[in-house]
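**Q** Chains A and B are the protein sequences, given in the same order.
Here our numbering is used: the first residue of the first sequence is 1, the next is one more, and so on.
Here our numbering is used: the first residue of the second sequence is 109, the next is one more, and so on.
Protein chains: 2
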Amino acid sequence: MSENSSYKTRKVITIGVVSELTGLSERQIRYYEERKLVFPERSEKGNRKYSFADVELLIDIANKREEGVQTYEIRQDMLRAERKKEKKMRRELLRGEINARFGIQKER
Amino acid sequence: MSENSSYKTRKVITIGVVSELTGLSERQIRYYEERKLVFPERSEKGNRKYSFADVELLIDIANKREEGVQTYEIRQDMLRAERKKEKKMRRELLRGEINARFGIQKER
DNA sequence: CGTGTAAGGAATTCTGACACG
DNA sequence: CGTGTAAGGAATTCTGACACG
Chain A
1 MSENSSYKTR
11 KVITIGVVSE
21 LTGLSERQIR
31 YYEERKLVFP
41 ERSEKGNRKY
51 SFADVELLID
61 IANKREEGVQ
71 TYEIRQDMLR
81 AERKKEKKMR
91 RELLRGEINA
101 RFGIQKER
Chain B
109 MSENSSYKTR
119 KVITIGVVSE
129 LTGLSERQIR
139 YYEERKLVFP
149 ERSEKGNRKY
159 SFADVELLID
169 IANKREEGVQ
179 TYEIRQDMLR
189 AERKKEKKMR
199 RELLRGEINA
209 RFGIQKER
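1) To the nearest angstrom, report how far apart A:THR9 and B:ARG209 are at their CA atoms.
2) In terms of alpha-carbon separation, which member of A:THR22, A:VAL17 and A:LYS64 lies closest to B:LYS153?
3) Would you verify that the beta carbon of A:PHE102 is, or is not, closer than 9 Å to some beta carbon of chain B?
4) Between which two residues does the alpha helix (DSSP H) harbouring B:ARG203 extend?
5) Where in the stretch 22 to 58 of chain A do unbroken runs of the alpha helix (DSSP H), each at least 4 residues long, occur, reported from the N-terminal end onward?
6) Between the stretch 135 to 148 of chain B and the stretch 181 to 189 of chain B, do three or more beta carbon pairs fall short of 8 Å?
7) Give me the residue from B:GLN136, B:LYS192 and B:ARG198 with the minimum Cα distance to B:GLN178.
8) Just how far apart, CA to CA, sit A:TYR113 and B:LEU202?
9) At the level of alpha carbons, what is the spacing between A:VAL12 and A:SER25?
10) For A:VAL69, would you say it is in contact with chain B, using Cβ-to-Cβ distances shorter than 9 Å as the test?
11) Name the chain A residues that come within less than 8 Å of B:LYS116, Cβ to Cβ?
12) Flag A:ILE13 as yes if its beta-carbon sits less than 9 Å from any beta-carbon of chain B, otherwise no.
Here it is as structure tokens:
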């Protein structure tokens, strides 16, 4: 269901291209990093590299900002969503374990 | 089946990153373009931009080159594959049209 | 708080060319 | 043919800072 280290999450896009793709200024993109909203990787010499997922996230951020939402709020929302997701993961992991032991038996 | 203008085919990767990803020198990458094996887009100021699909193609090219295959041969193979693919497309298009007229009827 | 901008420097990319083989 | 390299210039990116509000 979720291709993992795939095209979407591979960090390969430079800030200039991200700027074109999102319509945000490089200044804005760097600032959102400072506010811990995006986490680009760095190349050898320190150039930022983003993924398509980052680009989409930045577009979401841009929309929120247009609605007047502050970066701090956006960060809080992201952290909340993060925790919720982890909770879900834990539940699913647990369900998997239970199934493995007491669930539908395989042959033999 | 084939996500179209998606992450895989969007031209957003600069030549430096492509070089890292493929292990090829920038010189080699530019040369393969000269030999019409890859077709990057250009940014405003003329910088080359590649897609993940291009990166994969370049890796294939690198492998062929290691086997001693010349760029000209590689190009011929690509053109042949291209033609074959188009032929297939035409067949499928035709089948689709026939089905639309004489195939399984919808309601009414 | 969020963003623009000028500043200075380092790294990137581009093209056309010479070199070797 | 395929690739390295030095050359010169233009564009990119980086950081830290001042500005406005």
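Ideal placement from N, C-alpha and C gives every residue a C-beta, glycine not left out.
The structure displayed is predicted, hence computed values, not measured ones.
**A** This is what the structure gives:
1) Counting from 1 along the first sequence, the entry for residue 9 of chain A is found at position 9. Counting from 1 along the second sequence, the entry for residue 209 of chain B is found at position 101. Roughly 43 Å between the two C-alpha positions.
2) Here the question's residue 153 of chain B lines up with position 45 in the second sequence. Checked all of A:THR22, A:VAL17 and A:LYS64; the closest Cα to B:LYS153 is A:VAL17.
3) In the first sequence, the residue the question calls residue 102 of chain A occupies position 102. No, A:PHE102 does not count as interfacial toward chain B.
4) Within the second sequence, numbered from 1, the residue matching residue 203 of chain B stands at position 95. That run of the alpha helix (DSSP H) goes 179 to 210.
5) 26 to 34
6) yes
7) One-based indexing of the second sequence puts residue 178 of chain B at position 70. Checking every option, the nearest Cα to that of B:GLN178 belongs to B:GLN136.
8) In the structure displayed, chain A extends from 1 to 108; residue 113 of chain A sits before or after that span and is not available.
9) As a working mapping, residue 12 of chain A is identified with position 12 in the first sequence. As a working mapping, residue 25 of chain A is identified with position 25 in the first sequence. Going from the Cα of A:VAL12 to the Cα of A:SER25 covers about 18 Å.
10) Here residue 69 of chain A refers to the residue found at position 69 of the first sequence. It does not: the Cβ of A:VAL69 has no partner Cβ on chain B nearer than 9 Å.
11) Within the second sequence, the letter at position 8 stands for residue 116 of chain B. Those within 8 Å of B:LYS116 in chain A are TYR7.
12) Numbered from its first residue, the first sequence carries residue 13 of chain A at position 13. It does: the Cβ of A:ILE13 has a partner Cβ on chain B nearer than 9 Å.
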